[in-house]
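The next block holds one structure in the form of structure tokens; read it before the comments.
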Amino acid sequence: MSDDLTARYTTLDSERVGDALHVWLDRPHKLNAVDSVMLREVGDLFMSLEREHDARVVVLGGRGRSFSVGADRNPDMDPEYPTSERGKRWQANLGRRACRAIEDCPIPTVARVQGHAIGGGMCFAMSCDFRITTPETAWYLPEVELGVPLTWAAIPRLAQEIGTARARQLVMLADRIDGTTAAVWGVAHACVPAAELDATVQSMVERISSLPELAVHMTKTTFRSYNQQHALGDVSETDADLIRLAQSDPAVAKNFGLPT
């Protein structure tokens with residue numbers, strides 16, 4: 132059942148279930164691959180939640196058998212794709228803005244992660260307050276293998292969550308881990324059998340909803356301020372330039388289906 136919140140979107144769907152607003156990445160035919168339209172819509176939706184909304188929790192999930200396989204490497208033509216260098220630099224920052232919007236959402240967020248959390252999909256999940264996954268889920272950051280640095284402020288965010296040693300292993304070596312390892316490393320907060328995923332997410336929703344709302348929101352704000360002060364700072368401000376520099380290599384641009 133669609134929520135009016137996502138009526139104007141083409142890559143997202145939403146539904147209200149009790150105290151939770153469920154937001155779905157809704158490109159199941161492409162395993163919820165991330166394109167520029169989805170990035171704009173994720174950023175817009177989560178920024179809209181900074182205004183009044185009575186949900187106690189936001190659950191971010193993926194329709195179908197995958198949370199998200201990351202970048203759409205064979206994207207449909209985006210009619211809004213910019214032609215100027217300044218416009219392309221703005222476009223390159225869409226992912227950073229989308230993840231920051233998820234992180235800045237005043238409502239507690241829970242990522243429901245199944246199947247794949249790859250590249251940008253993993254970045255979306257890591258921007259949530261809590262992450263629940265399944266043993267079979269593949270967690271993987273392939274950017275370096277594809278010839279680009281991991282941007283979207285994902286490195287400082289990941290290092291803040293799991294420590295620099297593990298973050299370096301996932302990013303520089305592009306190591307792939309399953310959901311069980313993700314829970315051990317702190318990438319996920321819980322790993323449960325697929326048949327128990329929805330019940331575990333619902334249990335998390337109920338736990339959060341049972342706590343005093345204002346205290347939860349104020350505590351989230353404190354954690355967010357700490358993370359951004361100590362981890363993000365200015366280190367992500369050059370993300371767009373790093374992406375554009377890497378994409379100037381025709382081979383790299385081809386990896387992401389970009390015009391050259």
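Per the working numbering, the sequence shown runs over residues 132 to 391.
Just so it is clear, CB atoms sit at the ideal spot from N, CA and C, and this is done for glycine as well.
The structure presented is a predicted model; accordingly, all values stated were derived computationally and were not measured.
Put simply, of 138, 156, 203 the residue whose alpha carbon is nearest the alpha carbon of residue 386 is 203. Inter-residue distance for residue 348 and residue 263 is about 20 angstroms (C-alpha atoms, whole angstroms).
Around the beta carbon of residue 159, a 10 Å sphere encloses fewer than 16 other beta carbons of the protein chains shown; the residue is thus reported as exposed. Under the three-state reduction of DSSP output, residue 146 falls in the strand class. At a Cβ-Cβ threshold of 8 angstroms, residue 222 and residue 167 count as neighbours. Of the residues 356, 227, 259, the one whose Cα lies closest to the Cα of residue 320 is 259.
Between the region 246-258 and the region 331-346 there are fewer than three inter-stretch CB-CB distances shorter than 8 angstroms, so the stretches are not counted as touching. Under the three-state reduction of DSSP, residue 153 is assigned to strand.
Under the three-state reduction of DSSP output, residue 158 falls in the coil class, being neither helix nor strand.
With a beta-carbon spacing of about 25 angstroms, residue 274 and residue 266 fall beyond the 8 angstroms limit used to define contacts.
Here residue 307 is actually not in contact with residue 248; their C-beta atoms are around 11 angstroms apart, not less than 8 angstroms. Residue 353 sits in a helix when the DSSP states are folded into three classes. Between residue 311 and residue 323, the C-beta spacing is not below 8 angstroms.
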